[in-house]
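All residue numbers in the sequence shown are consecutive under my numbering, ending with 781.
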Amino acid sequence: MNQRQIHQISVLRLSNSSVDHRSKLRSYKTLTLPKSTSTSIMTTSSTDINNSSPPPQPFNMSTRLLLRRPLRLTPQFRPYHSPTDPPNEHYTRQESAILTSALRHVPSEGFSSAALRSGLREQGYTDAASALFPAGVFELVRFHLRRERGELYSRVTFPESAGALSEKEVGARVRSLLLARLRGNVDAGVVHRWSEALGWMSLAGSVPGSLKELGLLADEILFLAGDVTVDGGWYTKRAGLSTVYAAAEVFQSQDQSTDFRDTEQFLDRRLEETRTLGGAASNFGEWASFQGISAVNLARSWGMRI
Numbered sequence: 476m477n478q479r480q481i482h483q484i485s486v487l488r489l490s491n492s493s494v495d496h497r498s499k500l501r502s503y504k505t506l507t508l509p510k511s512t513s514t515s516i517m518t519t520s521s522t523d524i525n526n527s528s529p530p531p532q533p534f535n536m537s538t539r540l541l542l543r544r545p546l547r548l549t550p551q552f553r554p555y556h557s558p559t560d561p562p563n564e565h566y567t568r569q570e571s572a573i574l575t576s577a578l579r580h581v582p583s584e585g586f587s588s589a590a591l592r593s594g595l596r597e598q599g600y601t602d603a604a605s606a607l608f609p610a611g612v613f614e615l616v617r618f619h620l621r622r623e624r625g626e627l628y629s630r631v632t633f634p635e636s637a638g639a640l641s642e643k644e645v646g647a648r649v650r651s652l653l654l655a656r657l658r659g660n661v662d663a664g665v666v667h668r669w670s671e672a673l674g675w676m677s678l679a680g681s682v683p684g685s686l687k688e689l690g691l692l693a694d695e696i697l698f699l700a701g702d703v704t705v706d707g708g709w710y711t712k713r714a715g716l717s718t719v720y721a722a723a724e725v726f727q728s729q730d731q732s733t734d735f736r737d738t739e740q741f742l743d744r745r746l747e748e749t750r751t752l753g754g755a756a757s758n759f760g761e762w763a764s765f766q767g768i769s770a771v772n773l774a775r776s777w778g779m780r781i
């Protein structure tokens, strides 16, 4: 076999091998793996091929929902609230609009289901949407309490002080804040309807929520007044202030004097009584007795028979 024949045979073999290689590539391209195999290939890393650990599991439903929740980029703070009282986020925008509309109907329709239905219709809802407020009319009362408490900061402003305030200065500020809160009932046009609100607040199912709102009001007033008490007086002041305000509201709802001057005088008398008795409560036993008396007086102010 000469050199020319050897060369032709080599070229022929090389050509055949190239054809076989291209056919194998085509067969690889058309090769379809089972679904389970392809899934395991995609979810298994090269370092885990020789290991027997199971593939990572997908996110569960709770994780998916968490990832879908939008981020709240708006800072949630209220610069004037007490550190122990978080910002008021009790209502959605729709609920707030409904209750605000309903409050505008209270002067004519009272704290009633009719006022709540009027607020719903004014915002384009049917009467069936009253299910948004399981507490019923009491939710309308509570909304008014929360809104007026939140507006105290803008109603009364005090000059900045360089140091701690004296008891007399704190007392004067407390009086101003109490009068401002009572004035809120007048400005909202609900003062002559407040006996109805007290009736809803005195119901057994509403008493816990009513007492909570009253305590938050006392805490807010003392905070805005600059009170920094950290001893047992912290409790006596709040208990006494809650009782004074509740009694003043009851008196105001029946006051027929010009510009509610009798209510202002009544408030001054009760503040003086509370200051005298509260200042004498120097130990725990006296404080507990004072708190008990305040609770009884508060319940009687709301019409409870005790």
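Here a beta-carbon is modelled for each residue, glycine too, at the ideal position from N, C-alpha and C.
field: residue 723 beta carbon less than 8 Å from that of residue 742
entry: Translated into the one-based positions of the sequence shown, residue 742 becomes position 267. Translated into the one-based positions of the sequence shown, residue 723 becomes position 248. In this structure, residue 742 places its C-beta atom within 8 Å of the C-beta atom of residue 723.
query: For residue 712, does the count of other Cβ atoms within 10 angstroms reach 16, so buried, or fall short, so exposed?
result: As a first step, residue 712 must be located in the sequence shown, where it is residue number 237. Classification of residue 712: buried, given that the 10 Å Cβ count is 16 or more.
query: Below 8 Å between beta carbons: does that hold for residue 620 and residue 578?
result: The residue labelled residue 620 in the question sits at position 145 within the sequence shown. The residue labelled residue 578 in the question sits at position 103 within the sequence shown. Cβ atoms of residue 620 and residue 578: not closer than 8 Å.
query: Buried or exposed: which applies to residue 729, given that a residue is buried once 16 or more other Cβ atoms fall within 10 Å of its Cβ?
result: The residue labelled residue 729 in the question sits at position 254 within the sequence shown. So residue 729 ends up on the exposed side.
query: Pairing CB atoms from the region 645-657 with CB atoms from the region 714-723, are three or more of them under 8 Å?
result: yes
- prompt: Between residue 626 and the rest of its own chain, which residues show a CB-CB distance below 8 Å, the 5 nearest in sequence each way excluded?
  reply: In the sequence shown, residue 626 corresponds to position 151, counting from 1. These residues qualify, in order along the chain: 659.
query: Hey, out of 600, 624, 703, 686, whose CA is closest to residue 714's CA?
result: Within the sequence shown, the letter at position 239 stands for residue 714. Nearest C-alpha to residue 714: 686.
Residue 640 versus residue 702 - alpha carbon distance: In the sequence shown, residue 640 corresponds to position 165, counting from 1. In the sequence shown, residue 702 corresponds to position 227, counting from 1. So the alpha carbons of these two residues sit roughly 8 Å apart.
- prompt: Near residue 651, which residues of its chain fall below 7 Å by C-beta distance, leaving aside the five closest residues on each side in sequence?
  reply: For the purposes of this step, residue 651 is taken as the residue at position 176 of the sequence shown. Correct list, in chain order: 631.
Residue ranges of each alpha helix (DSSP H) within the region 581-648, 4 or longer: 581-584, 588-597, 612-625, 627-630, all fully within the region 581-648.
- prompt: Residues in its own chain within less than 6 Å of residue 594 by CB, not counting five upstream and five downstream?
  reply: What you label residue 594 is simply residue 119 of the sequence shown in a count that begins at 1. 573, 576, 577.
query: To the nearest angstrom, how far is it from the Cα of residue 645 to the Cα of residue 596?
result: Reading the sequence shown from its first residue, position 170 is the one you call residue 645. Reading the sequence shown from its first residue, position 121 is the one you call residue 596. So the two alpha carbons sit approximately 45 Å from each other.
- request: Give the range of the alpha helix (DSSP H) segment to which residue 727 is assigned.
  value: Locating residue 727 in the sequence shown gives position 252, where the first residue counts as 1. It spans 708-728 - the alpha helix (DSSP H) in which residue 727 sits, taken as one unbroken run.
field: Whole-angstrom C-beta distance between residue 649 and residue 697, which should lie under 8 Å
entry: Within the sequence shown, numbered from 1, the residue matching residue 697 stands at position 222. Within the sequence shown, numbered from 1, the residue matching residue 649 stands at position 174. Yes, they are in contact, since the Cβ atoms of residue 697 and residue 649 sit about 7 Å apart, within 8 Å.
Boundaries (first-last residue) of the alpha helix (DSSP H) holding residue 672: For the purposes of this step, residue 672 is identified with residue 197 of the sequence shown, where counting begins at 1. 669-676 is the extent of the alpha helix (DSSP H) around residue 672.
query: Among 606, 571, 599, which has the Cα closest to the Cα of residue 588?
result: On the sequence shown, residue 588 is found 113 positions in, with the first residue counted as 1. For residue 588, the nearest C-alpha among the options comes from 606.
query: Run through DSSP, which three-state label would residue 697 get?
result: For the purposes of this step, residue 697 is taken as residue 222 along the sequence shown, with counting starting at 1. Three-state DSSP puts residue 697 in a helix.
C-alpha distance - residue 681 paired with residue 613, whole-angstrom precision: Start at 1 with the first residue of the sequence shown, and residue 681 comes out as number 206. Start at 1 with the first residue of the sequence shown, and residue 613 comes out as number 138. Whole-angstrom Cα-Cα distance: 7 Å.
field: Nearest candidate by alpha-carbon position, reference residue 642, set 569, 565, 726, 709
entry: Numbered from 1 along the sequence shown, position 167 holds the residue referred to as residue 642. Among 569, 565, 726, 709, the Cα nearest to that of residue 642 is on 709.
query: When we look at the beta-carbon of residue 716 and count the other beta-carbons within 10 Å, is it buried (16 or more) or exposed?
result: Residue mapping note: residue 716 aligns to position 241 of the sequence shown, counting from 1. Buried, by the Cβ-count rule.
Rounded straight-line distance, which links the Cα of residue 678 to that of residue 603: Indexing the sequence shown from 1 puts residue 603 at position 128. Indexing the sequence shown from 1 puts residue 678 at position 203. Rounded to whole angstroms, residue 603 to residue 678 spans 24 Å at the Cα level.
- prompt: In terms of residues, what are the limits of the alpha helix (DSSP H) holding residue 576?
  reply: Along the sequence shown, read from residue 1 onward, the residue named residue 576 stands at position 101. Start and end: 568-579.
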